[in-house]
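Enquirer: Before anything else, here's the structure in question.
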Amino acid sequence: MLIRIAKNLARFVVTFLVATLAVFGIMRVLPGDPAAIAAGENATPELIARLAQEFGTDRPLPEQYWDWFSGLLRGDFGVSYVTRTDISPLVLDKVQVSLILVTLAMLLALVIAIPLGILAAIRHNKPSGALISGLSQLGIAIPGFLLGILLVSFLSLRLGWLPANGWTPPGEDFGDFIRRIILPVTALAGVQSAILTRYVRSAVLEVMHEDYLRTARAKGLSPTRALLRHGLRNAAIPVLTVTSVQFAALIIGAVVIERVFVVPGLGSMLLTAVGNRDLLTVQSVVMVLVAITLIINLVVDVLYTVLDPRIRAANQ
Amino acid sequence: MQRSTTSRRAGVLGALMVSTILALTGCTAGSTGTPGSATDKNTLTVALTGEPVNLDFTTTAGAAIPQAMMSNVYEGLVTLDQTGAIKPLLATGWETSADNKSYTFTLQEGVKFSNGADFDAEDVKFSIERVKSDAWLNGLKTKMDVVDNVQVVSPETVTVNLKRPSQAWLYSMTTLVGAMFDPSGVDDLANQPVGTGPYALESWARGESIKLAGRDDYWGIMPGIKNVTLRYFADAIATTNALTSGDVDLVYNMQAPELLAGFQSKPEYQVIEGTSNGEIMLSMNNNVAPFNDKRVRQAVMYAIDRQEVRDTAWNGLGTLVGGPVPPTDPYYEDLNDLYPHDPAKARELLKEAGAENLDVTFTVPTRPYANAVAEVVFSQLKDVGINVKIQSAEFPAVWLDQVFNRHDYQMSVVLAVEARDVLTMFDNPDYYIGYDNSKIKDEAALADESDTANYVAGMKNVVRTIVEDAASDTLFIFPNISVAKAGLSGIGANSVTEALSLATIAWS
Numbered sequence: 001m002l003i004r005i006a007k008n009l010a011r012f013v014v015t016f017l018v019a020t021l022a023v024f025g026i027m028r029v030l031p032g033d034p035a036a037i038a039a040g041e042n043a044t045p046e047l048i049a050r051l052a053q054e055f056g057t058d059r060p061l062p063e064q065y066w067d068w069f070s071g072l073l074r075g076d077f078g079v080s081y082v083t084r085t086d087i088s089p090l091v092l093d094k095v096q097v098s099l100i101l102v103t104l105a106m107l108l109a110l111v112i113a114i115p116l117g118i119l120a121a122i123r124h125n126k127p128s129g130a131l132i133s134g135l136s137q138l139g140i141a142i143p144g145f146l147l148g149i150l151l152v153s154f155l156s157l158r159l160g161w162l163p164a165n166g167w168t169p170p171g172e173d174f175g176d177f178i179r180r181i182i183l184p185v186t187a188l189a190g191v192q193s194a195i196l197t198r199y200v201r202s203a204v205l206e207v208m209h210e211d212y213l214r215t216a217r218a219k220g221l222s223p224t225r226a227l228l229r230h231g232l233r234n235a236a237i238p239v240l241t242v243t244s245v246q247f248a249a250l251i252i253g254a255v256v257i258e259r260v261f262v263v264p265g266l267g268s269m270l271l272t273a274v275g276n277r278d279l280l281t282v283q284s285v286v287m288v289l290v291a292i293t294l295i296i297n298l299v300v301d302v303l304y305t306v307l308d309p310r311i312r313a314a315n316q
Numbered sequence: 001m002q003r004s005t006t007s008r009r010a011g012v013l014g015a016l017m018v019s020t021i022l023a024l025t026g027c028t029a030g031s032t033g034t035p036g037s038a039t040d041k042n043t044l045t046v047a048l049t050g051e052p053v054n055l056d057f058t059t060t061a062g063a064a065i066p067q068a069m070m071s072n073v074y075e076g077l078v079t080l081d082q083t084g085a086i087k088p089l090l091a092t093g094w095e096t097s098a099d100n101k102s103y104t105f106t107l108q109e110g111v112k113f114s115n116g117a118d119f120d121a122e123d124v125k126f127s128i129e130r131v132k133s134d135a136w137l138n139g140l141k142t143k144m145d146v147v148d149n150v151q152v153v154s155p156e157t158v159t160v161n162l163k164r165p166s167q168a169w170l171y172s173m174t175t176l177v178g179a180m181f182d183p184s185g186v187d188d189l190a191n192q193p194v195g196t197g198p199y200a201l202e203s204w205a206r207g208e209s210i211k212l213a214g215r216d217d218y219w220g221i222m223p224g225i226k227n228v229t230l231r232y233f234a235d236a237i238a239t240t241n242a243l244t245s246g247d248v249d250l251v252y253n254m255q256a257p258e259l260l261a262g263f264q265s266k267p268e269y270q271v272i273e274g275t276s277n278g279e280i281m282l283s284m285n286n287n288v289a290p291f292n293d294k295r296v297r298q299a300v301m302y303a304i305d306r307q308e309v310r311d312t313a314w315n316g317l318g319t320l321v322g323g324p325v326p327p328t329d330p331y332y333e334d335l336n337d338l339y340p341h342d343p344a345k346a347r348e349l350l351k352e353a354g355a356e357n358l359d360v361t362f363t364v365p366t367r368p369y370a371n372a373v374a375e376v377v378f379s380q381l382k383d384v385g386i387n388v389k390i391q392s393a394e395f396p397a398v399w400l401d402q403v404f405n406r407h408d409y410q411m412s413v414v415l416a417v418e419a420r421d422v423l424t425m426f427d428n429p430d431y432y433i434g435y436d437n438s439k440i441k442d443e444a445a446l447a448d449e450s451d452t453a454n455y456v457a458g459m460k461n462v463v464r465t466i467v468e469d470a471a472s473d474t475l476f477i478f479p480n481i482s483v484a485k486a487g488l489s490g491i492g493a494n495s496v497t498e499a500l501s502l503a504t505i506a507w508s
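Here the protein sequences line up with chains R and Z, keeping their order. Per full-length UniProt numbering, residue 1 is the first one in the first sequence, and the count goes up by one each step. Per full-length UniProt numbering, residue 1 is the first one in the second sequence, and the count goes up by one each step.
Written out as structure tokens, the structure is:
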């Protein structure tokens, strides 16, 4: 088990390294010189040159990379070209916003998907089961931002029940925080719950045909009780995997939702920074997203090893 | 053992679900009213698009910083009124010397900066000299090149000596280059602006909002609303959504005219349409084929029906002027008749130039106005035999790089927002438009050095020459549209300076 965890850790480090190189490289081939953009439309060539020197974008690429990378390791993302302030505290601030949004969305998606998925599996050859499957198919087809726009036009613009956009930190005014987060969380959770429902359904269906369930039923348990007592733990493993993958996807998907709902999270920060060619900020935000994704995968891999005796055994 | 772990996990999960559901349903039930419907007479929330990246316009270009900071936090010696006339502000008045080279300003007394420091003639000297120093990085600093030196006569009197007479200089003093700073308040302008204005920065949540608080020690008329929040949105739809759901009171400089209809018909809102300094400029690269041929440029001028462009692309809002000067400038004149819509004449000119069946690449920045305009231009030019290929350029990054800096384009369209920018655009052959300025250079210089009457006459001639040469096609003057709750008054309709002046706004 320890060997497996060590392997996971090693893979984490290598992927992170490769990601820093890729992100750095991609940012350098984007068209648009950051110094020229910062200098604006009234700039003289001398001014652009001076800003390039100040930003350090005129230095050799390996040097720029090393400065940024060594800073990352120290948790110091550097000073933004455009805002002229430290990037780290700002990213930390925005990361919290995005994580709150995404975590609540994932919880809501699971709350909807787990019972629905189990129900769809148990009633897989009844009309109600087919209905749930059909609805989840439909849910997958509706993009989150579209659902968001629909929610806004109906619930806030037509009915005036909830604010159309904006963000209040939970510590500042909890009631307002909840009112503002309902719509973006619902928009994000909509597609996720549909996806997860299908996974839960197929995972449960699969275990229902396993020998141990037949054994349990032979011992006198009803199909539902057998499933609840012995099946769900096994069905949980594929669902856990999918949930973690989807969690990472959700963080990326939140970029669009954050824009629709004017939520000041990483996504909004990223879009603004890309537009301004604020290279250091873009690199840092992307690396934070990469790190979150990698950490989730690492945690899941480790959990997996702990949870599933077969995987544990295979490594011994 | 195994069973107990499972049930404990299930218990935790169950508790989580229940609490989430409770939290979500509980608050839906609690919020039945329209959000933010209660109007507090002492607060105002303004929706804007395009947020400032930092608060320091001395080192950073762009319209968003002066929009929030000028008039509100910073003030100049002079300012513009809504008709575009120069009025005293921190100066009570000024006298010009006989040779028009020196301006002696008398200063308001009892003016304090928001850090408590007194404002006097030394601050004027400091501020103007600083524009000329390396501390300023904004390209607009060149407007101060004409200043030779600044003399402090007394704490309330200061004389600015110019190298040569300049009508344009005093006007520039109404813009951000004329902002007055305190020497001890310039350490962290990006985050902590210090000015003499009616408001001081209270807090700034990056990417979200700027909060301004009215100053109790302000020297002039107290602001009508004490607590103002400027909220920034990514697009126009988000701003009007926020207005509809009651989160904001005013949407200023609205960027989507098609959203106006819904507000015009409702009594709880007011729509204010004014004019701005911005020209929607269809630029033709005067240095490259086919637009290095004046006849081809003229053909485009005749081919384009500017009224149809404006009506289709911008819902009929905006002013048709026919030249690169907004109506609020002193040397404005209506030049719509110089190139009336005449497709036959356009075809004739193209034939004469040997440019029939022309292929042109149209580089369009990714901005709503540009996309809207591009489609109409496309079909109008096609009508006279110019085949337009639309190429999209991300704005600002790619557009600035490709079109503005490298001049790698044939035709483009952009909103030129800078005030009194006709000479910036056309009196510089190295500018991206590439207009040969030999015909206007001397006349423009002469006009700037003469008295006001001759300045206006001279500049009118300059502008006429530029338009006759078909240097670019000014499609229309961008409107300044505000949508506000009905109870708000004192919103300046016209955007004649870069500033959104907040102090005059009040709840009635």
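Heads up, the beta-carbon is just placed ideally off N, CA and C, and yes, glycines get one too.
Considering only residues of the same chain and omitting the five flanking positions on each side of Z/Val403, which have a CB-CB separation below 7 Å?
Expert: Translated into positions along the second sequence, residue 403 of chain Z becomes position 403. For Z/Val403, where only same-chain residues beyond five positions count, the Cβ hits under 7 Å are Thr363, Ala393, Tyr409, Ser412 and Tyr432.
Enquirer: Measuring alpha carbon to alpha carbon, tell me which residue in R/Leu232, R/Leu107, R/Gln64 and R/Ile122 is nearest R/Val192.
Expert: Position 192 of the first sequence, counted from the start, is the residue given in the question as residue 192 of chain R. The sequence given here places Gln at residue 192 of chain R; Val does not occur at that position. Among R/Leu232, R/Leu107, R/Gln64 and R/Ile122, the Cα nearest to that of R/Gln192 is on R/Leu107.
Enquirer: Which term fits Z/Gln264, buried or exposed, when burial requires 16 or more other beta carbons within 10 angstroms of its beta carbon?
Expert: Indexing the second sequence from 1 puts residue 264 of chain Z at position 264. In summary, Z/Gln264 is exposed, with fewer than 16 beta-carbon neighbours lying within 10 Å of its beta-carbon over all protein chains present.
Enquirer: Given Z/Tyr455, which residues of its chain have a CB within under 6 Å of its CB, disregarding the five upstream and five downstream residues?
Expert: On the second sequence, residue 455 of chain Z is found 455 positions in, with the first residue counted as 1. Closer than 6 Å at the Cβ level, and outside the excluded window around Z/Tyr455, lie Gln167 and Ala447.
Enquirer: Following the continuous alpha helix (DSSP H) through R/Gln137, name the residue where it begins and the one where it ends.
Expert: Taking the first residue of the first sequence as position 1, residue 137 of chain R is located at position 137. Where R/Gln137 is concerned, the enclosing alpha helix (DSSP H) stretches over Pro127 to Ala141.
Enquirer: What do you get for Z/Trp399, buried or exposed, if any count of 16 or more other CB atoms within 10 angstroms of its CB means buried?
Expert: Reading the second sequence from its first residue, position 399 is the one you call residue 399 of chain Z. That one is buried.
Enquirer: Against chain Z, which members of the segment 13-42 of chain R pass a CB distance test of less than 8 Å?
Expert: Residues Leu30, Pro31, Gly32, Asp33, Ala36, Ile37, Ala38, Ala39, Gly40, Glu41 and Asn42.
Enquirer: Starting from the beta carbon of Z/Val53, find every residue of chain R whose beta carbon is closer than 7 Å, and list them in chain order.
Expert: In the second sequence, counting from the first residue as 1, residue 53 of chain Z sits at position 53. Near Z/Val53 (Cβ distances below 7 Å), the residues of chain R are Val82, Thr83 and Asn276.
Enquirer: According to DSSP, is R/Ala218 part of a helix, a strand, or is it coil?
Expert: Here residue 218 of chain R refers to the residue found at position 218 when the first sequence is read from its first residue. R/Ala218 falls in the helix class under three-state DSSP.
Enquirer: Residue ranges of each beta strand (DSSP E) run of no fewer than 3 residues wholly in the segment 8-70 of chain R, ordered along the chain?
Expert: Runs of the beta strand (DSSP E) inside the segment 8-70 of chain R: none found.
Enquirer: Using DSSP's beta-bridge definition, name the partner residues of Z/Trp507.
Expert: In the second sequence, the residue the question calls residue 507 of chain Z occupies position 507. Z/Trp507 is bridged to Z/Leu488.
Enquirer: Can you list, in chain order, the stretches of the beta strand (DSSP E) that have 3 or more residues and sit fully within the segment 200-279 of chain Z?
Expert: 209-214 and 227-233
Enquirer: Please confirm whether Z/Ala174 has its beta-carbon closer than 7 Å to some beta-carbon of chain R.
Expert: One-based indexing of the second sequence puts residue 174 of chain Z at position 174. Note on identity: in this sequence residue 174 of chain Z is Thr, with Ala being the wrong assignment. False, the Cβ-Cβ gap to chain R never drops below 7 Å.
Enquirer: For the beta strand (DSSP E) holding Z/Asn149, just list the boundary residues, first then last.
Expert: In the second sequence, residue 149 of chain Z corresponds to position 149, counting from 1. Boundaries of the beta strand (DSSP E) harbouring Z/Asn149: Val147 to Ser154, taken from the DSSP string.
Enquirer: Determine whether the beta carbon atoms of Z/Leu162 and Z/Val147 lie at a separation below 7 Å.
Expert: What you label residue 162 of chain Z is simply residue 162 of the second sequence in a count that begins at 1. What you label residue 147 of chain Z is simply residue 147 of the second sequence in a count that begins at 1. Their beta carbons are under 7 Å apart, which means Z/Leu162 touches Z/Val147 by this criterion.
Enquirer: With H, G and I counted as helix, E and B as strand and the rest as coil, what does DSSP make of R/Phe77?
Expert: Residue numbering aside, residue 77 of chain R sits at position 77 when the first sequence is read from its first letter. Three-state DSSP puts R/Phe77 in coil, outside helix and strand.
Enquirer: Does the pairing of the segment 98-115 of chain Z with the segment 126-134 of chain Z give three or more beta-carbon distances under 8 Å?
Expert: no
Enquirer: Quick one: what's got a C-beta closer than 7 Å to R/Asn8's C-beta in the same chain, skipping five residues either side?
Expert: As a working mapping, residue 8 of chain R is identified with position 8 in the first sequence. If the five residues before and after R/Asn8 are omitted, its C-beta is found closer than 7 Å to the C-beta atoms of Leu298, Asp301 and Val302, all from its own chain and listed in chain order.
Enquirer: Go through its chain and collect everything with a Cβ distance to R/Arg277's Cβ below 6 Å, but skip five positions before and after it.
Expert: As a first step, residue 277 of chain R is located in the first sequence; it is residue number 277 there, counting from the start. Hits under 6 Å: Gly32, Pro34 and Ile37.
Enquirer: Rounded to whole angstroms, what is the Cα-Cα separation between Z/Lys351 and Z/Val160?
Expert: The sequence position of residue 351 of chain Z within the second sequence is 351, counting from 1. The sequence position of residue 160 of chain Z within the second sequence is 160, counting from 1. Cα to Cα, Z/Lys351 sits roughly 55 Å from Z/Val160.
Enquirer: Considering just the uninterrupted stretch of the beta strand (DSSP E) at Z/Ile386, what are its terminal residues?
Expert: For the purposes of this step, residue 386 of chain Z is taken as the residue at position 386 of the second sequence. Segment Ile386 to Ala393, the beta strand (DSSP E) holding Z/Ile386.
Enquirer: Counting only Cβ pairs nearer than 8 Å, list the residues of chain Z close to R/Gly166.
Expert: Sequence index remark: in the first sequence, residue 166 of chain R carries index 166 (1-based). Arg231, Ala242 and Asp247, listed in chain order.
Enquirer: Just how far apart, CA to CA, sit Z/Asp216 and Z/Pro223?
Expert: Looking up residue 216 of chain Z in the second sequence gives position 216. Looking up residue 223 of chain Z in the second sequence gives position 223. Cα to Cα, the separation comes out at about 10 Å.
Enquirer: Using only CA atoms, which one of Z/Asp383, Z/Ala419, Z/Lys266 and Z/Gln255 lies nearest to Z/Gly50?
Expert: Your numbering for residue 50 of chain Z matches position 50 in the second sequence. Selected option, being the one with the closest Cα: Z/Gln255.
Enquirer: Below 9 Å between beta carbons is the criterion; list the residues of the segment 281-310 of chain R that meet it against any residue of chain Z, in chain order.
Expert: So nothing in the stretch comes that close.
Enquirer: Tell me whether Z/Ile86 sits in a helix, a strand or coil according to DSSP, three-state version.
Expert: As a position in the second sequence, residue 86 of chain Z is number 86, starting the count at 1. In the structure shown, Z/Ile86 sits in a strand (DSSP, three-state: E or B).
Enquirer: Measuring straight from C-alpha to C-alpha, what distance separates Z/Phe291 and Z/Asp401?
Expert: As a first step, residue 291 of chain Z is located in the second sequence; it is residue number 291 there, counting from the start. As a first step, residue 401 of chain Z is located in the second sequence; it is residue number 401 there, counting from the start. Each residue's alpha carbon lies about 21 Å from the other.
Enquirer: Exposed or buried, what is R/Gly75 when buried is set at 16 or more other beta-carbons lying within 10 Å of its beta-carbon?
Expert: By 1-based counting over the first sequence, the position of residue 75 of chain R is 75. When all chains shown are included, R/Gly75 counts as exposed.
Enquirer: Mapping the DSSP letters down to three states, classify R/Leu303 as helix, strand or coil.
Expert: Reading the first sequence from its first residue, position 303 is the one you call residue 303 of chain R. The answer is helix: DSSP assigns R/Leu303 an H, G or I state.
Enquirer: Rounded to whole angstroms, what's the CA-CA distance from Z/Ser508 to Z/Gly487? Just pull it up for me.
Expert: Your numbering for residue 508 of chain Z matches position 508 in the second sequence. Your numbering for residue 487 of chain Z matches position 487 in the second sequence. One C-alpha to the other measures close to 5 Å.
Enquirer: Give, in chain order, every unbroken run of the beta strand (DSSP E) that is at least 3 residues long and sits entirely within the segment 61-144 of chain Z.
Expert: 78-80, 86-88, 91-96 and 102-107
Enquirer: Check whether the Cβ of Z/Ile433 lies closer than 7 Å to any Cβ atom in chain R.
Expert: Locating residue 433 of chain Z in the second sequence gives position 433, where the first residue counts as 1. By this cut-off, Z/Ile433 is not an interface position.
Enquirer: Does the CB of R/Val255 have a neighbour CB from chain Z at under 7 Å?
Expert: Reading the first sequence from its first residue, position 255 is the one you call residue 255 of chain R. Chain Z, which has no Cβ nearer than 7 Å to the Cβ of R/Val255, makes this no.
Enquirer: Residues bridged to Z/Phe476 by DSSP?
Expert: The residue given as residue 476 of chain Z occupies position 476 in the second sequence. DSSP output for Z/Phe476 lists Z/Ile280 as bridge partner(s).
Enquirer: Using a C-beta to C-beta distance shorter than 8 Å, which residues of chain R count as neighbours of Z/Trp61?
Expert: Translated into the one-based positions of the second sequence, residue 61 of chain Z becomes position 61. Correcting the residue type first, residue 61 of chain Z is Ala in the shown sequence and not Trp. What Z/Ala61 touches in chain R: Ala38, Ala39, Gly40, Glu41, Asn42 and Ala43.
Enquirer: Using DSSP bridges, identify the partner residues of Z/Leu48.
Expert: The sequence position of residue 48 of chain Z within the second sequence is 48, counting from 1. Answer is Z/Tyr232.
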